[in-house]
Structures are given as structure tokens and as C-alpha cells.
Amino acid sequence: VNKINVAVDGPAGAGKSTVAKLVAEQLSLLYIDTGAMYRSLAYSALESHIDLQDSGAIKDLLVQLSIKLVNDSEKSTVFVNDQDVSVEIRTPEVTRSVPIVASHESVRLEMLKRQRKLAIGENSILDGRDIGTHVLPDAQVKVFLTATVDIRAERRHEELLKRGFSSNLDQLKEEIAKRDELDATREVAPLRKAEDAIVIDATTLSIPEVVDAIVNLINIPV
Ligand code: C5P
2 VNKINVAVDG
12 PAGAGKSTVA
22 KLVAEQLSLL
32 YIDTGAMYRS
42 LAYSALESHI
52 DLQDSGAIKD
62 LLVQLSIKLV
72 NDSEKSTVFV
82 NDQDVSVEIR
92 TPEVTRSVPI
102 VASHESVRLE
112 MLKRQRKLAI
122 GENSILDGRD
132 IGTHVLPDAQ
142 VKVFLTATVD
152 IRAERRHEEL
162 LKRGFSSNLD
172 QLKEEIAKRD
182 ELDATREVAP
192 LRKAEDAIVI
202 DATTLSIPEV
212 VDAIVNLINI
222 PV
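Residues are numbered in UniProt numbering as their position in the sequence shown, beginning at 1, plus a constant of 1.
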């Protein structure tokens, strides 16, 4: 039986993981949050006081890390060497650090291998920056999900306030733009739309509208 792979790429805060998770639930696909894998590595590097720029040391750290993504209908949990790091990998410090560890070629190669191994042979949906261009160049459906930086920052801002965190809109805007810039200008597998990806601009779309648009692109083989 042929399996279907769906790639969802795009800039930070466009809603990739939210919609990918909902599409996965609706169509019983395996959801793989590749950003969480890079975040786990950045978190571990910070914990071990390893120089983020030292590609050799970061790669050595990665080969010793087991990263497990567990999804159920209520929540997604991330385990690093069996420790639940789901909350820790979302801090501003980790968020700022990920693009640095994610820029190393040897790191990306190892992540690509792990991501392919998880996805191949499963009906799956992966979200990230380089899924359509590098990880799964033969994915049957490729989506590039965007929105203006203003709307991405505003949505994140509202979500943070709703969850009781403090948030500064201008600072958020700056951080999101900075992260996109780092991700889009790195030499290895930068953030880029695959040639055959379909662009969905979420600036004026609700979450259910984006989910519907993606679901309509997918034909599950029987
Ligand atoms: O998607 P998320 O915001 O969690 O990703 C965090 C960071 O991980 C990105 O800013 C990027 O530096 C890195 N990343 C990547 N390639 C992917 C997924 C994430 O370089 N496929």
C-alpha cells in the first residue's frame, strides 16, 4: 500500500503545528513536529553548557540524545532521554538558540535521517522549514504556510496573554522576524518554499479554514 506524506513548511508562528496536528487527527496521520526535535537539541546544549556554535560538539551531543515525540488527542509530549521536556523547549531562551544549532550541516543530516525514518512507511504529516525541500522531497502534498509578520506576532501575543503570560508585541515582532531571517539565510537547507509546494496565506484565514484547505489537498490511498 502506498503511504502518504504531507510536508508543511513556513516561517515562525504561521500556525503550522496547530493546523498540522488538527489535520493529523482528522485523517489519522502520524504528526511529526520537527521543530520540537531541534528545540530538544538546543535545550540539551544549553543545559550542558555546550557552545551552540561548536558544530562538532553539538553533533556529538545529538548522537547521544534519544528524542521521542508522543501525541495524544489532549497534548503533545516531547521526551529527551526519557525526560519530559515539553515545557522547557518552549522558553524564549531555547527559541532564540534553536536557529544556531539548526544551522550546522552535520546536525541537519542527522535530523533528516531521523525524520525520514519516522515518516517513511507511515501516513504522516511533518511540519518544519525544510520538509518539502530536503527531508521529504517526494511528499505527495507540500504546503507552504505563511502570514504577514504582523499578524503572526499579533496571534502569538494574544495567545500568550490568554494563557496568563506577559508579552510585548513589538519585541515579539522583532524576535519572529529575526528567527525567520536566520532560518532563511543559513547555508544548509534554509527555510524556503519547495517549487511544487502550494502556498496558503493564513493572514486572513481562521485555523479551521487552513485545516480544511490542507485536508482538501490530501487523498488517502486505500
Ligand atoms: O517550528 P519551530 O518554531 O518549533 O522551530 C524552531 C526552530 O527550529 C526554527 O526556528 C528553526 O531554526 C529550526 N527548525 C529547522 N528545521 C526544521 C524545523 C525547525 O531548522 N525542519
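No residue lacks a Cβ here, since even glycine has one placed at the ideal position from N, Cα and C.
Under DSSP, Gly11 takes part in no beta bridge, so it has no partner.
Asn72 is bridged by DSSP to Ser77. The nearest non-hydrogen atom of ligand 1 is less than 7 Å from the C-beta of Asp184.
For Gly14, the closest alpha carbon among the candidates Ala140, Arg153, Lys179, Ile33 is that of Arg153. At the C-beta level, Val212 and Val20 come within 8 Å of one another. The C-beta distance from Ser77 to Leu70 rounds to 7 Å, short enough to fall under 8 Å.
Taken in chain order, the unbroken stretches of alpha helix (DSSP H) that lie wholly in the segment 37-68 and span 4 residues or more are 56-64. Distances taken from the Cβ of Val99 to the heavy atoms of ligand 1 include one shorter than 7 Å. Take Thr134, set aside five residues on each side of it, and the residues of its chain with a beta-carbon closer than 6 Å to its own are Arg193, Ala195, in chain order.
Segment contact: the segment 76-95 against the segment 103-112, fewer than three CB-CB distances shorter than 8 Å; contact not assigned. Arg187 is classed as buried because its beta carbon has at least 16 other beta carbons within 10 Å across all chains shown. Per DSSP, the beta bridge partners of Lys143 are Ala8. Burial state of His50 is exposed, judged by a 10 Å Cβ sphere holding fewer than 16 other Cβ atoms.
Listed in chain order, the non-local C-beta contacts of Ser87 below 8 Å within the same chain comprise Lys76, Ser77, Thr78, Val79, local neighbours out to five positions each way being set aside. The alpha-carbon of Lys118 is positioned some 13 Å away from that of Leu31. Counting C-beta pairs closer than 8 Å gives fewer than three between the segment 35-42 and the segment 172-189, which falls short of the contact rule. Secondary structure of Ser207 (DSSP, three-state): coil.
Ile221 sits in coil when the DSSP states are folded into three classes, being neither helix nor strand. Ala37 has its CB nearer than 7 Å to a heavy atom of ligand 1.
Residue pairing of Leu31 in beta bridges, as defined by DSSP: Ser125. Here the C-alpha atom of Val216 lies approximately 8 Å from the C-alpha atom of Leu28.
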